[in-house]
Amino acid sequence: MGRISDITLTNQAEQRIISIKTETTLKNMQTKIEDCREKILTYLNLLEELPAGPCFTIYYSFTKQNVEIEVGYPIAKMLPPQDDIRMSIIPAGKRISCLNIGPYNEIPKIYQEMDQWLAVHDFETNGISHETYYNGGGFTPQEYLTKIELPIQEADEP
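At position 45 of the sequence shown (counting the first as 1) the number is 45 in the UniProt record's numbering, and the numbers step up by one without a gap.
Okay, structure coming up:
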């Protein structure tokens, strides 16, 4: 189906997160994301804490060979770190976002549309993107609901 919302500009509030930052190959990316999710959820369960929202992945760099990602969940309060699980804050700032329904391999089309929006509205991104996954296991790929966000700034800002 594809994009199911307009591309919108928002001011995102600061967000506390629990996450694992890692590198993987493009081929193993989905498995790595699932492994990180499980590790974080196991840790939260041990602390008798719940995530404050759905799982997300932040993409820092993305090539055909390697992907640098951060997988995590929003949290209500800061918790002690353990191993490669860390607590941090996603800073407040402007973002553009939209919702997509469908398989993850169709999301690159949405990024192309967002790049066009940025050019028309005289904004730019730093190359980092956020994807929030509202469902997954138990749903068909055609039902996957994903929010795609790009932190942005006006093209003439430093």
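In this text, a Cβ means the ideal position worked out from N, Cα and C, and glycines have one as well.
| Item | Value |
| --- | --- |
| Those residues which DSSP pairs with Tyr133 across a bridge | Thr146 |
| Residue nearest to Ser88 in terms of C-alpha spacing, selected from Thr10, Ile17, Ile7, Arg3 | Ile17 |
| Reduced DSSP category for Thr140 - H, G, I as helix; E, B as strand; rest coil | coil |
| Selected residue, minimal CA-CA separation from Ala76, among Leu99, Thr140, Pro54, Thr42 | Pro54 |
| Straight-line Cα distance separating Glu48 from Val120 | 47 Å |
| Pair within 8 Å by beta-carbon distance, Lys94 and Ile7 | no |
| Ser5, buried or exposed, once every other Cβ within 10 Å from all chains shown has been counted against 16 | exposed |
| The region 56 to 74 touching the region 101 to 116, judged by at least three CB pairs closer than 8 Å | no |
| Reduced DSSP secondary structure (H/G/I, E/B, other) of Cys36 | helix |
| Alpha carbon of Phe62 to alpha carbon of Glu68, nearest angstrom | 7 Å |
| Own chain partners of Lys32 with C-beta closer than 6 Å, once the 5 adjacent residues on each side are dropped | Thr24 |
| Cross-strand partners of Val67 (DSSP beta bridge) | Thr24, Phe62 |
| Straight-line gap, Asn128 to Lys21 (C-alpha atoms, nearest Å) | Correcting the residue identity first, residue 128 is Ile in this sequence and not Asn. One C-alpha to the other measures close to 13 Å. |
| Terminal residues of the beta strand (DSSP E) in which Lys94 lies | 93 to 101 |
| Among Ile96, Arg86, Arg37, the one whose alpha carbon lies nearest that of Gln12 | Ile96 |
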